[in-house]
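This report refers to the structure that appears directly beneath it.
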Amino acid sequence: TVAVGGGPSFIDASLNTLYVANDFDFSNNNFSDTVSVIDPNTNNLIDNVTVGWGPNFIYEVGGALYVANEASDTVSVIDPNTNNTVIDTIPVGLSPKWISQFGGEGALYVANSLSNNVSVIDPSNRSVVDTIKVGNEPNVIYSADNALYVTNSAPKSVSVIDPDRRTVVSIGVGRTPKSISEAGDAIYVANMDSNDVSVIDKTTNKVTDTIPVGENPSYIQSSGDALYVANSGSNTVSVINSTTNTIIKN
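Numbering of the sequence shown is given in this note's numbering, commencing with residue 158 and proceeding in unit increments.
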């Protein structure tokens, strides 16, 4: 057991070192402001890096780590090559929750859950170059092969961002969309409070099917011709055949 900061909630291991985002310390009922660094070879804590308040997501690009700080409305940039120093702090929208790239390259997209938008960061100069309006309470950004898909918890929708034109199409789905995956020509959205999965055609951006699953589906992952849905409310995993969009096992 490795002691880290208060309220660890996310781990990034992309640089052969473990970076742990310490979000909210329940022992003192306050946000934390550190990222703990662990050497996976020795399992020893080697550093605690001070960032903004409420670090909850880490994304690596170009050898640097971008940390979303939900209580500071910023993204901290950590350089592992300079003893894990914070080399920049980028103001974004309110309560950033997620960071992604389209196709793993180019601009960074930051979901700001309380300002209902996505900040676009140019990693070459670490500055915000655009802000894209999406639905209410965006929390997850999924990079598919054709676009970026953003789950919006409050209005039961998914925003589809064209990364070239940065235009947005809104698609109505089930209540509280929490997770996204894809299989073939379709996007699959796990809707936590309607206990189902919405199937979106990537070409038309239309919902073509709704698949009932277990209670409170919170995560969905594709593997081969199947999709696996973690149902946190019923302690089950639903298995969906992506060819027929039917339940193999629930």
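For each residue, glycine too, the CB sits at the ideal point set by N, CA and C.
As the structure is a computational prediction, the values presented were derived from the model and not from experiment.
To which residues of the same chain is residue 378 closer than 6 angstroms at the C-beta, ignoring the five residues directly before and after it? Correct list, in chain order: 338 and 385.
Identify every residue that forms a DSSP beta bridge with residue 363. Answer by DSSP bridge pairing, in chain order: 358.
Would you mind sorting residue 177 into buried or exposed? The rule is 16 or more other CB atoms within 10 Å of its CB. Burial check for residue 177: the Cβ neighbour count within 10 Å reaches 16 or more, so the residue is buried.
Thinking C-alpha only, which one of 302, 334 and 251 is nearest residue 290? Taking the Cα of residue 290 as reference, the smallest distance to any Cα among 302, 334 and 251 is reached at 251.
How close, in whole Å, do the beta carbons of residue 217 and residue 169 come, if the pair is a contact with beta carbons under 8 angstroms? Going by Cβ atoms, the distance from residue 217 to residue 169 rounds to 6 angstroms, so yes, they are a contact pair.
Following the continuous beta strand (DSSP E) through residue 339, name the residue where it begins and the one where it ends. Residue 339 -> beta strand (DSSP E) spans 334-340.
When DSSP labels each residue in this structure, what does residue 352 get in the three-state scheme? In this structure, residue 352 counts as coil in the three-state DSSP scheme.
For residue 364 and residue 352, believed in contact at Cβ under 8 angstroms, the rounded distance: In fact, because the Cβ distance is near 16 angstroms, the residues do not count as touching under 8 angstroms.
Closest to residue 238 by C-alpha separation, out of 341, 249 and 219, would be which residue? Checked all of 341, 249 and 219; the closest Cα to residue 238 is 219.
Spatially closest choice to residue 254 from 207, 357, 262 and 275, by CA coordinates: For residue 254, the nearest C-alpha among the options comes from 275.
Pop quiz: residue 298 and residue 264 are said to be a contact at Cβ under 8 angstroms. What is the actual Cβ separation, rounded to whole angstroms? Contact between residue 298 and residue 264 is ruled out by a C-beta separation of about 12 angstroms, above the 8 angstroms threshold.
Taking the beta strand (DSSP E) that residue 217 falls in, what are its first and last residues? First-last of the beta strand (DSSP E) with residue 217: 212-218.
Check whether residue 330 and residue 314 have beta carbons under 8 angstroms apart: Taking 8 angstroms as the cut-off, the beta carbon of residue 330 is found closer than this to the beta carbon of residue 314.
Taking residue 300 as the reference, which of 320, 284, 310 and 286 has the closest Cα? Check the Cα spacing between residue 300 and each of 320, 284, 310 and 286: the tightest is with 320.
Residue 182 - partner residues in DSSP beta bridges: Answer by DSSP bridge pairing, in chain order: 187.
What is the rounded straight-line gap between the Cα of residue 355 and the Cα of residue 366? Each residue's alpha carbon lies about 6 angstroms from the other.
Cα-Cα separation, residue 322 to residue 279: Taking C-alpha positions only, residue 322 is separated from residue 279 by approximately 15 angstroms.
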